[in-house]
Amino acid sequence: MWPAVALSLELATVTTCVLLLLGVPLAWALVRANSWWGEAVSALVALPIVLPPTVIGFYLLILLGPHGPLAPILAHFGLRTLAFSFPGLVIGSVIYSLPFMVQPVRNAFRELGPAPWEAALTLRARPLDAFFAVALPLAQGGIITGTILAFAHTLGEFGVVLMIGGDIPGRTEVLSIVIFNDVDTMQWGQAGVLAGGMALFSFAVVLVTFLAEKRMARLRA
Amino acid sequence: MLTAKSVARRRFTAWLSAFALAAILPLNAARAASIPVAVAANFTAPAKELAANFQLATGNTLVLSFGASGAFFTQIGQGAPFEIFLSADSARPKKLVESGLGVGGSEFTYATGKLVLWSATPGLVDSQGKVLSDGKFAHLAIAAPKSAPYGEAAIETMKALNVYDQLQSRIVVGESINQAYQFTASGSAELGFVAYSQVIKSKKGSEWLVPQNLYKPITQDAVLLKTGENDPAAQAFLAYLKTPAALKIIRSYGYVTAP
Numbered sequence: 048m049w050p051a052v053a054l055s056l057e058l059a060t061v062t063t064c065v066l067l068l069l070g071v072p073l074a075w076a077l078v079r080a081n082s083w084w085g086e087a088v089s090a091l092v093a094l095p096i097v098l099p100p101t102v103i104g105f106y107l108l109i110l111l112g113p114h115g116p117l118a119p120i121l122a123h124f125g126l127r128t129l130a131f132s133f134p135g136l137v138i139g140s141v142i143y144s145l146p147f148m149v150q151p152v153r154n155a156f157r158e159l160g161p162a163p164w165e166a167a168l169t170l171r172a173r174p175l176d177a178f179f180a181v182a183l184p185l186a187q188g189g190i191i192t193g194t195i196l197a198f199a200h201t202l203g204e205f206g207v208v209l210m211i212g213g214d215i216p217g218r219t220e221v222l223s224i225v226i227f228n229d230v231d232t233m234q235w236g237q238a239g240v241l242a243g244g245m246a247l248f249s250f251a252v253v254l255v256t257f258l259a260e261k262r263m264a265r266l267r268a
Numbered sequence: 082m083l084t085a086k087s088v089a090r091r092r093f094t095a096w097l098s099a100f101a102l103a104a105i106l107p108l109n110a111a112r113a114a115s116i117p118v119a120v121a122a123n124f125t126a127p128a129k130e131l132a133a134n135f136q137l138a139t140g141n142t143l144v145l146s147f148g149a150s151g152a153f154f155t156q157i158g159q160g161a162p163f164e165i166f167l168s169a170d171s172a173r174p175k176k177l178v179e180s181g182l183g184v185g186g187s188e189f190t191y192a193t194g195k196l197v198l199w200s201a202t203p204g205l206v207d208s209q210g211k212v213l214s215d216g217k218f219a220h221l222a223i224a225a226p227k228s229a230p231y232g233e234a235a236i237e238t239m240k241a242l243n244v245y246d247q248l249q250s251r252i253v254v255g256e257s258i259n260q261a262y263q264f265t266a267s268g269s270a271e272l273g274f275v276a277y278s279q280v281i282k283s284k285k286g287s288e289w290l291v292p293q294n295l296y297k298p299i300t301q302d303a304v305l306l307k308t309g310e311n312d313p314a315a316q317a318f319l320a321y322l323k324t325p326a327a328l329k330i331i332r333s334y335g336y337v338t339a340p
């Protein structure tokens, strides 16, 4: 049970870090893009919210599998498939949790409006400096919310992992899979402990997010 | 005042209600019975064929659910509305009868399953199963041993061959034998212990039919559940499973049946 908890925490941490690196610039680009394709990309990013995990799992199986488009690249590293591996789960989780990072950050950037950014540029700040010194700090509320949500969402991920994970203890057997197996095999004591822990943790996460947002709103006012 | 628009909207709402009703009504209408059946995943293909034949002969439809025997056992314990359970073992049907959820005396063995080591790659699996100890492969798929009897048989086989310890790190687990088969058929896992019934009808890949002395016989029992005790259609299907016509279908998938 504890290896699965540790693995879930590791997966959520790695995924959240990747999402910070990917999601924040993406959110920024989406706000700056003033054309129809910006909305199209936004819709694409939001898809995992409405798509069943099985659809994502299905495409990942094809993408990561031995006959998939990534196979030639994987072969360079001596790998046949990324299914059944931790990196495979990270790729799946990044896609699955992407909207939970991008949406709040995008909203934060959008709420700022162009004014602070343009002011910085007028003062001859270089765009990269303006991004790090002005845009990022001002959007920190959204970034914190996105980080918390992406982390919690990845921690609770189930369907995608069930489809591509292969249930390997210590490598792909995450918390939610252990709960599933425990219920299937009537080990309800352990299932209860893990499920209770997840419920409590998730409640705490959502509560903290709400409180933080309230505080931010008060600070802004 | 009724504008053309609001009339159109009302008409639309009326149509919508009519459709909704039409969708619900047939469920309540008294027609030929439909029987919910929980089927162990390994028996997926034969169960579909048997159900089609049974429906042709009697007009009764079977609503088949496929999954790991252990998962169904739990679900039935929690009141899942199945009337029949075709398990992949004999222990679970027996336990259901003992706990009052199955009808006493209704259990019988409808098939004895066989385990096969299979690969989608031709020539990878040799006729002695030596690939397990000598072969180069990254992943070996099995079904979840705790909830799927074919997974348990796979573990027994590897232990009997003294290769379990060296293979352990390469095992990937499907939640049922159907997922183990999918992992193997897609090539994600090069090898898999699957049910013979899953590969017997295709001529693809390579296989080793595991000798029976390496694992406990997979005696697959059917049981009538209390929810189906008074359903003549459910009883008729169980009786049908014992007919020569049904046994012939079951054997054609590589199962052994009582003579």
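In the order they appear, the protein sequences are chains A and B.
Take 48 as the starting number for the first sequence in the working numbering and just add one per residue.
Take 82 as the starting number for the second sequence in the working numbering and just add one per residue.
Here a beta-carbon is modelled for each residue, glycine too, at the ideal position from N, C-alpha and C.
Straight across, the Cα-Cα distance linking Val-52 (chain A) with Leu-222 (chain A) is about 6 Å.
Around Ser-228 (chain B), the beta-carbon contacts reaching into chain A at under 8 Å are Asn-228, Asp-231, Thr-232.
For Phe-153 (chain B) and Leu-266 (chain A), the gap between their C-alpha atoms comes out near 54 Å. Assigned with DSSP and collapsed to three states, Pro-50 (chain A) falls in helix. Between the C-alpha atoms of Glu-237 (chain B) and Ile-165 (chain B) there is a straight-line separation of about 29 Å. For the segment 116 to 149 of chain A, the beta-carbon criterion of a distance under 7 Å to any beta-carbon of chain B is satisfied by Arg-127, Thr-128, Ala-130, Phe-131. For Leu-136 (chain A), the enclosing alpha helix (DSSP H) begins and ends at 133 to 159. Residue environment: Arg-153 (chain A) is assigned as buried (16 or more neighbouring CB atoms within 10 Å of its CB, all protein chains considered). With 16 or more other Cβ atoms inside 10 Å of its own Cβ, Asn-123 (chain B) counts as buried. Taking C-beta separations shorter than 6 Å and ignoring five residues to either side along the sequence, the partners of Gly-232 (chain B) in its chain run Ile-223, Ala-224, Ala-225, Pro-226, following chain order. With its beta carbon at least 7 Å from every one in chain A, Thr-265 (chain B) lies outside the interface. The three-state reading of DSSP puts Thr-324 (chain B) in coil, since its state is none of H, G, I, E or B.
Chain order gives the chain A residues near Val-254 (chain B) as Gly-213, Asp-214, Ile-215, where near means a beta carbon separation below 8 Å. DSSP places Val-337 (chain B) within a strand segment (E or B) once states are collapsed to three.
Scanning its chain for C-beta atoms nearer than 7 Å, with the 5 sequence neighbours on each side dropped, one finds around Leu-290 (chain B) the residues Lys-195, Val-197, Tyr-277, in chain order. Listed along chain A are Val-230, Asp-231, Met-233, each with a C-beta nearer than 7 Å to that of Thr-155 (chain B).
Per the C-alpha coordinates, the member of A:Val-253, A:Ala-90, A:Phe-198, A:Asn-81 positioned closest to Glu-57 (chain A) is A:Phe-198.
With contact defined as three or more Cβ pairs closer than 8 Å, the segment 150 to 169 of chain A and the segment 102 to 111 of chain A are not in contact. Of B:Arg-332, B:Ile-157, B:Ile-299, B:Phe-163, the smallest CA-CA separation from Ala-234 (chain B) is found for B:Ile-299. For Phe-257 (chain A), the closest of A:Ala-268, A:Asp-229, A:Thr-219, A:Leu-196 by C-alpha to C-alpha distance is A:Leu-196. Under the 7 Å criterion on CB atoms, Ser-269 (chain B) is classed as interfacial with respect to chain A.
Between Val-149 (chain A) and Ala-167 (chain A), the C-beta spacing is not below 7 Å.
A direct Cα-to-Cα measurement between Leu-248 (chain B) and Leu-242 (chain B) gives close to 11 Å. Look at the beta carbons and you see the segment 249 to 264 of chain B touching the segment 213 to 229 of chain A: at least three pairs across the two are nearer than 8 Å.
Closest option to Tyr-143 (chain A), judged by alpha-carbon separation, among A:Gly-239, A:Val-252, A:Ala-59, A:Ala-246: A:Ala-59.
Cβ atoms of Arg-251 (chain B) and Leu-295 (chain B) stay farther apart than 8 Å, at about 19 Å. Within the same chain, and ignoring the five residues on either side of Ala-114 (chain B) in sequence, the residues whose Cβ sits closer than 6 Å to its Cβ are Asn-141, Ala-314. Each of A:Phe-178, A:Ile-190, A:Leu-202, A:Ala-177 was checked against the Cα of Val-137 (chain A), and the nearest Cα belongs to A:Leu-202. Here Thr-142 (chain B) is bridged, per DSSP, to B:Ser-115. Put simply, the CB of Ala-315 (chain B) is far from chain A, with every gap to its CB atoms at 7 Å or more. Close CB contacts of Ser-150 (chain B) within its chain, under the 7 Å cut and outside five residues either way in sequence, are with Ala-121, Ser-168, Ala-169, Asp-170, Arg-173, Ser-228, Ala-229, Pro-230 (chain order). Bounds of the alpha helix (DSSP H) holding Leu-222 (chain A) are 222 to 231.
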